[in-house]
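Residue numbers (the numbering used here): 40 to 656.
We put the CB at the ideal spot given by N, CA and C, even for glycine.
What you are looking at is a predicted structure, and each value in this text was computed from that prediction instead of being measured.
See below for the structure under consideration.
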Amino acid sequence: MCGIFAYAGTENVVPLLIEGLRSVEYRGYDSAGISVIDEVGEIQTVKRGDHGASLGNLASALDGDSISGVVGIGHTRWATHGGVNHQNSHPHASSNGSVSIAHNGIIENFLELKDELMDSGIVFQSETDSEVLAHLIGNAVTSGRSLREAVIGAASRIKGNTAVVAVSASEPDVAVGLRVGTAGGIVVGKNADAAVMASDVIALLPYTSEVIYLESGEIVEIERGVIRLFDLEGSSISRKPIVTSQNFEAAQKGNHPHFMSKEIAEQPDAIQGAMRGRAAFTKGTLSLPEFSLAQGQIKAIDRVVLTGMGTSLHAGMFGALVIESLARIPATAENSSELRYRNPLIGPNTLVIAVTQSGETADTLAAMEHARNAGAPQAVVLELEGSQATRVADFTLPIRAGQEIGVASTKTMTASMTTLLQLAVVLAETRGVIGGEQVRNIVGSMAELPSLIATTLSLNGQISELADRLSKFEDLLYLGRGAQLPIALEGALKMKELAYIHAEGYPAGEMKHGVNALLGPDIATVVATPRNDLYEKMLSNISEVKARGGEVAAIATEGDDTVERLADHVIRVPDCPELLQPFITLVPMQLLAYRTALALGRDPDKPRNLAKTVTVE
Ligand code: F6R
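Right, here's the structure in full:
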């Protein structure tokens, strides 16, 4: 999703803007551009918005160009309004070119504002909703307002969630940022020579680790070494910076060819991070200090609703299964974009658990707001502390996987599942459903999880062969039952997003109700079938696919001779307690999608049309 970076300082801003945008490019984008206030106080804008445009193209366009200055804004665009082309790329200029803006979010009343501006004689250069902001701000600056006042004025005219940064030729030392609602954040920081703001904290780390997150309805003005915060009335706000725990080094690829392979490989550490300070392995106990809901309230919970989108929803589905089976509380997982609109029955005895890596996903935030308004106690399981979701939830349960850069989530799923499993145990123990002995057994098996995952990671060789084979298919079916269903759904999602192969995830028992019609030599089936109570049922499903001429790849427990006889390909995962099996089958699913993407020449870190942080609904 769109990324923003702005700098006001002493150095030539052009390479700094490119570098800042590189740190936010993982969010997903299709075009990029910058605006710089040059030495004579004029705004120079360079952007690239053709299909396939990248920061690389933008950097080469700027190479040898004489543009320089010490204040500027940059943007990576993920198209919502208007196609991917040069005109629609950001930054956008006001009609006399004296103001330039870069915007993240959607202006819901843009048509109405556009008509009004066009009636006043303004000619629009793009099809974007964002351009109205450039003109609203530009008009106010022309009529004598400061850039900050002009941005405040524009904020009062627009509807919807917006993050915007702006520069004005009339104030060549300053850049201004505004956040309204939840269209991605703006985080700001400074050192002695500069002040910077961005949609992501990672872009600030070369400058400082002390940062301020803008709340909704706040404006920031940055100038060399200075940050000034205001509310929408124009009153000054004072807020101490927080020290971020994000680490720039950790966000680099290291010796991995892609962020995705690095992040898959980091899963043993990510799981350890999620258990740190929670699972006491020697004592065999578990605690979640961040989940401080009173014991009486925990006992009164009559339902748990988990919510999230995409991979986080799949982690939530796993969470619902373990909460229901361990704590014996009815639990369901629901897509946030559905939950937010269906007026669900949620109340003070419903525990709502949102799962979101970024903490900024628009639909998840809206579902969370709904739960808050309904008075439900609410926890969020997330990576990015300080993000908007932490401000909506009552309890923040960080997964501590370390920042994920690859657009496709991998280590955040395993770390979210680890955190949810621990929450399930804490709920079960507090409600007296399981006792110390059972907790000790679970904690004992969880201690082995990192090394089990490490063993599974070494399957890469077997997986490459299978990936080559699957890359020949145009359709794939992924089947699972019970706790393997979210894993099958995730396997299919990963394959779609990375390899662009049509892949359907299904409950294996549902096949006969329609999907069987598709079976045959043209569709390959991937089944998650470790040895567990549902194993025999899965064997029947494999036989049904085979009977119809389909090719089957099974992810099965090592030493399982029966599956070897039935399936065409077998990925053998280590034997482990049933509770941990979904972790062990998930890793091969991730590797399979990664390897298939490579076999087809796709870039697994930047799947087409996808964004890391989906800040619009
Ligand atoms: C898929 C993927 C997405 C995200 C989804 C939710 O690989 O990464 O499906 O899981 O956009 O994002 P968060 O977890 O940030 O709320």
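C-beta atoms of M534 and A410 nearer than 8 Å: no
Those residues which DSSP pairs with M236 across a bridge: A45, V227
7 Å Cβ shell around M577 - same chain, five flanking residues per side excluded: R520, A547, V566, T568
Minimum length 4: unbroken alpha helix (DSSP H) runs contained in the stretch 560–618: 574–586, 600–605
Neighbourhood of V465 by C-beta distance below 8 Å, restricted to the same chain and skipping five residues each side: L325, S326, L327, F330
Residue closest to G72, alpha-carbon to alpha-carbon, out of V162, N96, E78: N96
The ligand SAM heavy atom lying under 7 Å from the CB of I112: You won't find the ligand SAM in this model; what it holds is the ligand F6R.
The stretch 243–260 contacting the stretch 75–83, beta-carbon criterion three pairs below 8 Å: no
Length of the line joining the Cα atoms of L630 and I438: 21 Å
Inter-residue CB distance, R267 and S275 (contact presumed, cutoff 8 Å): 7 Å
Burial state of Q620, where buried means 16 or more other Cβ atoms lie within 10 Å: buried
Start and end residues, beta strand (DSSP E) containing L518: 514–519
Cβ-heavy atom distance, E659 to the ligand F6R, below 7 Å: In the structure as shown, the chain starts at 40 and stops at 656, and residue 659 therefore has no counterpart that could be examined.
Helix, strand or coil at S209 according to DSSP, with G and I counted as helix: coil
S665 burial status per 10 Å Cβ neighbour count (16 or more: buried): No information on residue 665 is available, as it lies outside the stretch 40 to 656 that the chain covers here.
DSSP-derived helix/strand/coil call for N143: strand
Buried versus exposed call for G398 [16 or more other C-beta atoms within 10 Å across all chains shown]: buried
Uninterrupted beta strand (DSSP E) stretches inside the stretch 235–284 (no shorter than 3 residues): 249–252, 257–262, 265–270
Member of S351, V612, G355 whose CA lies at the smallest distance from the CA of S497: V612
Separation of A141 from V419, as counted between CA atoms: 30 Å
Under the three-state DSSP convention, the category R430 falls into: helix
Sequence-distant residues of the same chain with beta carbon closer than 6 Å to F163, five excluded per side: E170
As assigned by DSSP and simplified to three states, the class of Y545: strand
Spatial distance of R367 from G475 (CA atoms): 17 Å
Best match in K551, I623, G59, V472 for proximity to P245 [C-alpha to C-alpha]: G59
Heavy atom of the ligand F6R within 7 Å of S195 beta-carbon: no
Closest Cα partner of G347 within the set E408, A98, E147, Q311: E408
Distance CB(G177)-CB(V203) smaller than 8 Å: no
N374 - partner residues in DSSP beta bridges: G347
Check: A542 C-beta below 7 Å from any heavy atom of the ligand F6R: no
At least 3 beta-carbon pairs within less than 8 Å: the stretch 190–197 vs the stretch 146–157: yes
6 Å Cβ shell around A467 - same chain, five flanking residues per side excluded: L365, A366, I473
Q417 Cβ short of 7 Å to the ligand F6R heavy atom set: no
Length-filtered (3 minimum) beta strand (DSSP E) runs lying within the stretch 91–150: 110–116, 138–144
Residues near R479 by beta carbon distance below 6 Å, same chain, minus five either side: G323
Bridge-paired residues (DSSP) for A202: N143, R218
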